[in-house]
Amino acid sequence: MTKEEFMQDYIGAFNRGDFDGFTRFYADDVDFDLGGKRRIKGRQAIREFYEGVFARIDETLDVTQLVIDDEGAACIIVTEFKALEDWSDFIAGPIRKGESIFIESFIFYRIGPDGKFTHVRTARSQGKA
Amino acid sequence: MLFDYPAYIEVFNAGDDARLVDEFYHDDLVFTGGSRRYEGKQGLRDFLAWAHDGVREVMRVQHYARSGDILFADVDMDFHALKERPDFPFGHLFPGDSVTVKFHVTYRLRDEKVVALNSMTWPPEYGVTKAPRLGAHPSQIAAYHAYTAAFSNADHARYSAFYTDDVTLKLNTMPQINGKQGIVDFYAPMFEGIREDLTIHKLLADDDAIFADTTSTFTALRDSPDFVVMPLAEGDWVKVRVFVFYTLRDGLISAIRVARAGEPERC
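The listed protein sequences derive, respectively, from chains A and B. Counting from 1, position 85 in the first sequence corresponds to residue 85 in full-length UniProt numbering; the numbering is continuous, with no gaps. Counting from 1, position 58 in the second sequence corresponds to residue 58 in full-length UniProt numbering; the numbering is continuous, with no gaps.
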């Protein structure tokens, strides 16, 4: 996977809300660890998780640093969560309609032999409302 | 199958000495160096085990050519120390040291395996090219491990030699620390009471950045009630999983960012 593919086809698809586009990067049994707060197993479960989030939040990723090789990718991402409605128990923190939360995370993707993400692990660096 | 020198280089540079000897050497091999002679695969294995004890050796081949059963290579060989080696042939090495030596190597092949290996060297650092210290090449990745060895050894001069003068360090629990001297001034008093050992689970590197999935293990050499992670009594240790991003400039670290990837585990 090249940096261009990661940025345009994965991050780009996520930011466009193209579920087919970004979830095709995940292995069927991908293990997705959201900073120890939540753990999601499998591509379909990740898709369902984000379908639930995107119905209530505009989520936009801004990659500020990226390094990649055949076995993994790692990036620093600033995520903007913009609420479409009030959400008091949102995973990134309570948020009111129209507000944005910005969170910076380090994300590490392990890439399997078929080029798909097999493990995704996030670590929160800092956040600001 | 023809002897595949690029594949040989790849295995050599991966540090997989067992595979190197098994796949590329003939049972009847003889290795002759300046003052050394080893016979057979076991002889070469024994030599490599000694030479690579705490030292990563990585080839940067400048030229090579094959004629018949003879292959000749002009190699700039980088050695990166992960532990102290007072007996190392190219000088007393400490963790974090690197030295480059010109090797002229002749491989004689039989049945497309190396049956005779003759190497000659020039004095350390004489007539060699130098790669930027850190980056994507296997030698530069080995140099990163030497950096972590110097850091774990609390050798401030050696680990800080991998930094630009204007390096920044951002830990997620602390204000940003600025400059090479600022980082040394932060760690020097901490390392009087605490030793930090880095275990790298996964490393990704290119010429612009390094990412390390790391466990930092902090061991208290004495009671450290003010330690930033948590108060520790003498002999206590705590582990923290961290993701570390290093930004590189001209092969040196110009920025370090650290995020916790798990809760501290007291042991």
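In this text, a Cβ means the ideal position worked out from N, Cα and C, and glycines have one as well.
Within the DSSP bridge table, the entry for G72/A names D69/A and R110/A as partners. At a Cβ-Cβ threshold of 7 Å, G72/A and I111/A count as neighbours. Given a length threshold of 4 residues, each whole run of the alpha helix (DSSP H) inside the UniProt domain "SnoaL-like" (146-254) of chain B is given here in chain order: 156-160 and 180-193. DSSP, reduced to helix, strand and coil, places T129/B outside both helices and strands of the structure shown, so it counts as coil. With respect to R121/A, S105/A sits apart: the two C-beta atoms are not nearer than 7 Å. With a threshold of 7 Å between beta carbons, L204/B makes contact with chain A. Excluding the 5 residues flanking it on each side, S152/B has same chain C-beta neighbours closer than 6 Å at D197 and L198, in chain order. Contact between T129/B and D76/B holds: their C-beta atoms lie close to 5 Å from each other, under 8 Å.
As DSSP reads the structure, V30/B sits in a beta bridge with E39/B and A116/B. Annotation for W87/A: R56 and I95 place their beta carbon closer than 6 Å to its own, counting only its chain and skipping 5 residues before and after. DSSP places T23/A in the helix class (H, G or I) of the three-state scheme.
By the Cβ criterion, the region 172-181 of chain B is not in contact with the region 47-55 of chain A, since fewer than three pairs of Cβ atoms, one from each stretch, lie closer than 8 Å. At least one C-beta of chain B is nearer than 7 Å to the C-beta of I76/A. A straight-line Cα-Cα distance of about 42 Å links W122/B and P113/A. With contacts defined as CB atoms closer than 7 Å, V229/B and V242/B fail to qualify as a contacting pair. When 7 Å is used as the limit between beta carbons, G72/A is near these residues of chain B: K202 and L204, in chain order. For I9/B, the secondary structure class from DSSP, reduced to helix, strand or coil, is helix. Residue environment for A143/B: buried (at least 16 other C-beta atoms within 10 angstroms of its C-beta). Interface residue (Cβ-Cβ distance to chain A less than 7 Å): D207/B is not classified as such. For the set I256/B, D16/B, D22/B and E265/B, the Cα lying nearest the Cα of V115/B is the one of D22/B.
Within the same chain, Cβ atoms closer than 8 Å to the Cβ of F186/B are found at L169 and I177, the five residues on either side in sequence being excluded.
Chain A has no Cβ within less than 7 Å of the Cβ of N118/B. Non-local C-beta neighbours of H92/B in its own chain, meaning closer than 6 Å and more than five positions away in sequence, comprise P86, ordered along the chain. Assignment of L34/A by DSSP, reduced to helix, strand and coil, places it in the strand class. Remark: C-beta atoms of E59/A and A83/A do not approach each other more closely than 7 Å. As the crow flies, the alpha-carbon of A261/B is around 49 Å from that of R37/B. Taken through DSSP and simplified to helix, strand or coil, S100/A comes out as strand. Neighbours of A123/A in chain B, taken as residues at a C-beta separation under 7 Å, are given in chain order as F243, A259, R260 and A261. With fewer than 16 other Cβ atoms inside 10 Å of its own Cβ, Q42/B counts as exposed. Spatial neighbours of D97/B in its own chain (CB-CB distance under 6 Å, excluding positions within 5 residues in sequence) are listed in chain order as A81.
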